[in-house]
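Residue numbers for the sequence shown follow the numbering used here, beginning at 28 and rising by one.
Using N, Cα and C, we set each Cβ at its ideal position, and we do this for glycine too.
What you are looking at is a predicted structure, and each value in this text was computed from that prediction instead of being measured.
What follows is a set of notes on a single structure, which appears directly below.
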Amino acid sequence: MTDYTTPVTTAFELQRASIEQTQTALEQGVALQQRMGQAMLDSMESQQSAQRRGVELSQTAIHGYLDAIESSVPGMDVPVEEIRTTVDEQFEFLLENHDEAFDTLQAEAGDGYESYDEMTEETLEALDEQLSMLIEAHEELQSQSADAVEELASQAETVQEQIQDVQEQTAETVQDVQEQASDA
């Protein structure tokens with residue numbers, strides 16, 4: 028008997044492989060997003076540090092400007108010192124707010140990342156379960172389809188054998204009739 032199930036089995040195996048490859052690609056995509064999210068969180072600290080250095084550099088530049096005024100304009104010692112004190116207070120306030128803002132931003136981003144990570148893991152677990160059920164159903168459908176193809180092939184061979192038997196009987200009958208006709 029010819030193996031009629033090979034194309035059917037191959038088609039089902041290719042479909043399953045495609046499903047599994049899609050699942051792997053999805054998992055890799057999610058893992059990439061998680062790494063990117065973690066990298067963003069990790070970079071926030073260096074951003075904070077760089078911005079803080081920029082603010083401190085501005086403060087140093089203003090101090091240099093005030094030093095230049097103080098040394099070049101006589102009698103400006105007291106007003107420049109008052110300005111310097113006010114500038115320092117403002118920069119201190121700015122740096123405190125800067126630190127608080129970044130701490131809040133990092134905490135919120137960290138919480139958001141953790142929530143996203145948890146949701147993603149739950150989604151991947153649910154998807155994995157659903158795909159497992161799909162693959163099981165797919166394997167059952169493959170088995171049923173292969174059985175049906177085998178049964179259909181068997182029936183087709185039986186019909187073909189019956190047709191051959193009828194053809195042989197018809198040929199014998201025609202031959203008998205021809206012999207009888209030639210004898211008569």
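- Per DSSP, reduced to three states, the secondary structure at Pro101 is coil, with no helix or strand assignment.
- Cβ atoms of Leu158 and Ile46 come within 8 angstroms of each other, at about 7 angstroms.
- The beta carbon of Ile162 lies closer than 8 angstroms to those of Arg43, Ile46 and Glu47 in the same chain, with the five residues before and after it left out.
- Going by beta carbons, Gly56 and Tyr140 fall outside the 9 angstroms limit.
- For the 9 angstroms CB-CB criterion, Arg79 and Asp130 do not form a contact.
- The straight-line gap separating the alpha-carbon atoms of Leu53 and Arg62 is approximately 14 angstroms.
- Counting C-beta pairs closer than 8 angstroms gives three or more between the region 86-93 and the region 114-126, which meets the contact rule.
- Relative to the Cα of Pro34, the nearest Cα in the group Val186, Val107 and Ser172 belongs to Ser172.
- Setting aside the 5 residues that flank it on each side, Gln60 is surrounded in the same chain by Thr147, each with a C-beta closer than 8 angstroms to its C-beta; the list follows chain order.
- Inter-residue distance for Ala183 and Asp144 is about 56 angstroms (C-alpha atoms, whole angstroms).
- Between Ile96 and Val107 a beta carbon distance of about 6 angstroms is seen, short of the 8 angstroms cut, so the two are scored as contacting.
- Cα atoms of Asp138 and Leu41: separation of roughly 41 angstroms, rounded to the nearest angstrom.
- For the pair Ser98 and Glu109, the Cα-to-Cα distance works out to about 15 angstroms.
- Annotated as distal: Glu177 and Phe39, with beta-carbon spacing of 9 angstroms or more.
- From the listed residues Gln75, Met103 and Gln196, the smallest Cα separation to Asn124 is found for Gln75.
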